[in-house]
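Undergrad:
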Amino acid sequence: MSASATEAVAIARAILDGKAGHLPPIDLLNIGVSTMAPLPDALGALLEKASLGCVAHLEEINLVGEADDDRLRRVLDLCESLSPRWIQEDLGIWVWKGGALGAHMIPPILDEKSLDEATRIVGRILSASRWPFLAENPPFYCVLGDMDLLSFMAKLARRTGCGLVLDIGHFIGYCACSAKEPLSYLDTFTGWDDVVEVHLAGYTMTDTSRGTLWEDAHEVDIPPLGLTVLDRVLAFARNVKAITIEVEGARLDVLRSNVIRVAERVQAVAAHA
Ligand SMILES: [Fe+2]
Numbered sequence: 489m490s491a492s493a494t495e496a497v498a499i500a501r502a503i504l505d506g507k508a509g510h511l512p513p514i515d516l517l518n519i520g521v522s523t524m525a526p527l528p529d530a531l532g533a534l535l536e537k538a539s540l541g542c543v544a545h546l547e548e549i550n551l552v553g554e555a556d557d558d559r560l561r562r563v564l565d566l567c568e569s570l571s572p573r574w575i576q577e578d579l580g581i582w583v584w585k586g587g588a589l590g591a592h593m594i595p596p597i598l599d600e601k602s603l604d605e606a607t608r609i610v611g612r613i614l615s616a617s618r619w620p621f622l623a624e625n626p627p628f629y630c631v632l633g634d635m636d637l638l639s640f641m642a643k644l645a646r647r648t649g650c651g652l653v654l655d656i657g658h659f660i661g662y663c664a665c666s667a668k669e670p671l672s673y674l675d676t677f678t679g680w681d682d683v684v685e686v687h688l689a690g691y692t693m694t695d696t697s698r699g700t701l702w703e704d705a706h707e708v709d710i711p712p713l714g715l716t717v718l719d720r721v722l723a724f725a726r727n728v729k730a731i732t733i734e735v736e737g738a739r740l741d742v743l744r745s746n747v748i749r750v751a752e753r754v755q756a757v758a759a760h761a
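Residue 489 is where the sequence shown starts when you use the numbering used here, and the numbers rise one by one after that.
1. Opposite ALA730 in the DSSP bridges: which residues?
2. Go ahead and pull the three-state DSSP assignment for MET693.
3. With 16 other CB atoms within 10 Å as the buried threshold, where does LYS585 fall?
4. Say the cut is 7 Å; is the CB of ASP741 nearer than that to a heavy atom of ligand 1?
5. Should PRO627 be labelled buried (16 or more other beta-carbon atoms within 10 Å of its own) or exposed?
6. Can you give me the Cβ contacts of SER666 inside the same chain, cut-off strictly under 6 Å, excluding the 5 residues immediately before and after it?
7. Could you tell me the alpha carbon to alpha carbon distance between PRO670 and ILE656, rounded to whole angstroms?
8. Given 7 Å as the limit, tell me if HIS592 has its C-beta closer than that to any heavy atom belonging to ligand 1.
9. When we look at the beta-carbon of TYR629 and count the other beta-carbons within 10 Å, is it buried (16 or more) or exposed?
10. Starting from ALA544, follow the alpha helix (DSSP H) in both directions and report where the run begins and ends.
11. Would you be able to state if there are at least three C-beta pairs under 8 Å between the region 722–731 and the region 690–699?
12. Between the C-alpha atoms of LEU540 and LEU603, what's the straight-line distance to the nearest angstrom?
13. Any idea if LYS601 is buried or exposed, counting beta-carbon neighbours within 10 angstroms, 16 or more meaning buried?
14. Whole angstroms is fine: what's the gap from PRO596's alpha carbon to PHE640's?
15. Can you give me the C-alpha to C-alpha distance between ILE710 and ALA689, rounded to a whole angstrom?
16. With a threshold of 7 Å on Cβ separation, who are the neighbours of SER522 within its own chain once the five nearest residues in sequence on each side are excluded?
17. Any idea what DSSP makes of VAL708, helix, strand or coil?
18. Looking at the structure shown, is ALA502 part of a helix, part of a strand, or coil, going by DSSP?
19. Taking the alpha-carbon positions, what's the GLY611 to LYS643 distance?
20. Just to be sure I understand the criterion: a residue counts if its Cβ is closer than 6 Å to at least one heavy atom of ligand 1. Which residues meet that?
21. Is DSSP giving PHE677 helix, strand or coil here?
22. Rounding to the nearest angstrom, what Cα-Cα distance links MET489 and GLY737 in this structure?
23. Please go through the region 516–575 and give each complete beta strand (DSSP E) segment of 3 or more residues, from N-terminal end onward.
24. What is the residue span of the alpha helix (DSSP H) that GLY633 lies within?
25. Pick helix, strand or coil for LEU598, following the three-state DSSP scheme.
26. Where does LEU511 fall in DSSP's three states?
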């Protein structure tokens with residue numbers, strides 16, 4: 489489950505106090521790590537006490553554009569207290585002219601130049617980090633470049649040795665932007681063995697006079713297409729170690745129903761394996 493550092497503290501405390509009965513079972517927290525919001529001192533110890541694993545989702549490291557080794561060093565230092573199983577970041581530009589863009593991060597132009605930049609920066613991250621690094625497909629609201637997303641990701645993993653996060657909501661958004669049919673497009677992917685984590689969240693799709701508009705919406709139910717894509721992903725991606733359900737802003741009943749529906753899909757795939 490995705491969580492801010494503050495939410496992670498609350499979840500760990502609820503588990504330790506025996507008050508987590510209202511929460512679905514959680515093995516792993518995907519925690520946002522940023523130099524703009526330092527982590528609570530006690531977080532690492534609390535997670536350990538509550539037997540909660542975690543992964544660190546960086547939120548300010550450009551994977552294309554200008555590299556910033558000093559910022560990377562400071563973010564990696566923050567991760568030390570968490571002992572994450574791995575770290576991850578969405579492909580794109582997170583810092584522009586020294587200012588952090590946060591949720592307004594810019595996805596990459598999908599071309600050879602961006603792939604070269606991402607290859608160089610991910611190589612630097614892998615050298616500087618003592619944890620594995622996964623690159624995630626970011627949210628797309630428009631698509632630029634002459635390369636398709638899945639080719640870009642497969643090539644990046646092959647060139648650098650990094651792992652991949654496949655965010656299913658973001659992937660469906662990319663497909664809406666680029667007029668691709670998600671299931672048949674997935675069949676072209678050559679990077680399945682590099683996918684270590686899958687993200688799932690709600691989103692909205694709105695028909696407009698110029699096509700379908702996709703928007704991320706972590707507070708709503710995961711739509712049926714998201715679960716259908718999950719089935720296909722689980723059938724092909726044999727090295728997945730975690731499925732993160734992104735739930736920021738969701739009511740508890742929505743959170744629970746998303747967890748239950750995803751767990752049912754995973755169990756059904758496991759039963760047929
Ligand atoms: Fe994600």
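Ideal placement from N, C-alpha and C gives every residue a C-beta, glycine not left out.
TA: By the coordinates alone:
1. Here residue 730 is taken as the residue at index 242 of the sequence shown, counted from 1. Per DSSP, GLU685.
2. One-based indexing of the sequence shown puts residue 693 at position 205. MET693: strand per DSSP, three-state reduction.
3. Residue mapping note: residue 585 aligns to position 97 of the sequence shown, counting from 1. Counting other Cβ atoms within 10 Å of its Cβ, LYS585 stays below 16 and is therefore classed as exposed.
4. Taking the sequence shown and counting its residues from 1, the one referred to as residue 741 is at position 253. No - ligand 1 has no heavy atom lying nearer than 7 Å to the Cβ of ASP741.
5. In the sequence shown, the residue the question calls residue 627 occupies position 139. PRO627 comes out buried.
6. Within the sequence shown, the letter at position 178 stands for residue 666. Result list for SER666: VAL631, in chain order.
7. One-based indexing of the sequence shown puts residue 670 at position 182. One-based indexing of the sequence shown puts residue 656 at position 168. For PRO670 and ILE656, the distance between alpha carbons rounds to 10 Å.
8. Numbered from 1 along the sequence shown, position 104 holds the residue referred to as residue 592. HIS592: no, Cβ never under 7 Å from ligand 1.
9. Looking up residue 629 in the sequence shown gives position 141. Flag for TYR629 reads exposed.
10. Residue mapping note: residue 544 aligns to position 56 of the sequence shown, counting from 1. Careful: ALA544 lies outside any alpha helix (DSSP H), inside the beta strand (DSSP E) at 541–546.
11. Counting Cβ pairs under 8 Å, fewer than three are found: no touch.
12. Within the sequence shown, the letter at position 52 stands for residue 540. Within the sequence shown, the letter at position 115 stands for residue 603. LEU540 and LEU603: Cα-Cα distance of roughly 35 Å.
13. Here residue 601 refers to the residue found at position 113 when the sequence shown is read from its first residue. That one is exposed.
14. The sequence position of residue 596 within the sequence shown is 108, counting from 1. The sequence position of residue 640 within the sequence shown is 152, counting from 1. Straight-line spacing of the CA atoms in PRO596 and PHE640 works out to 10 Å.
15. Reading the sequence shown from its first residue, position 222 is the one you call residue 710. Reading the sequence shown from its first residue, position 201 is the one you call residue 689. Computed Cα separation, rounded: 6 Å.
16. Residue 522 sits at position 34 when you count from the first residue of the sequence shown. Answer for SER522: GLU547, GLU548, listed in chain order.
17. The residue given as residue 708 occupies position 220 in the sequence shown. DSSP places VAL708 in coil when its eight states are reduced to three.
18. Here residue 502 refers to the residue found at position 14 of the sequence shown. The answer is helix: DSSP assigns ALA502 an H, G or I state.
19. For this step, residue 611 is matched to residue 123 along the sequence shown. For this step, residue 643 is matched to residue 155 along the sequence shown. GLY611 and LYS643 have their C-alpha atoms roughly 13 Å apart.
20. GLU624, ASP655, HIS687, GLU734
21. Position 189 of the sequence shown holds residue 677. If DSSP states are grouped into helix, strand and coil, PHE677 belongs with coil.
22. In the sequence shown, residue 489 corresponds to position 1, counting from 1. In the sequence shown, residue 737 corresponds to position 249, counting from 1. Distance between the alpha carbons of MET489 and GLY737: 12 Å.
23. Listed in chain order, the complete beta strand (DSSP E) runs (minimum 3 residues) inside the region 516–575 are 516–521, 541–546.
24. Within the sequence shown, numbered from 1, the residue matching residue 633 stands at position 145. No alpha helix (DSSP H) holds GLY633; DSSP gives it neither H nor E.
25. On the sequence shown, residue 598 is found 110 positions in, with the first residue counted as 1. Of the three classes helix, strand and coil, the one that applies to LEU598 here is coil, per DSSP.
26. Reading the sequence shown from its first residue, position 23 is the one you call residue 511. Coil, per DSSP.
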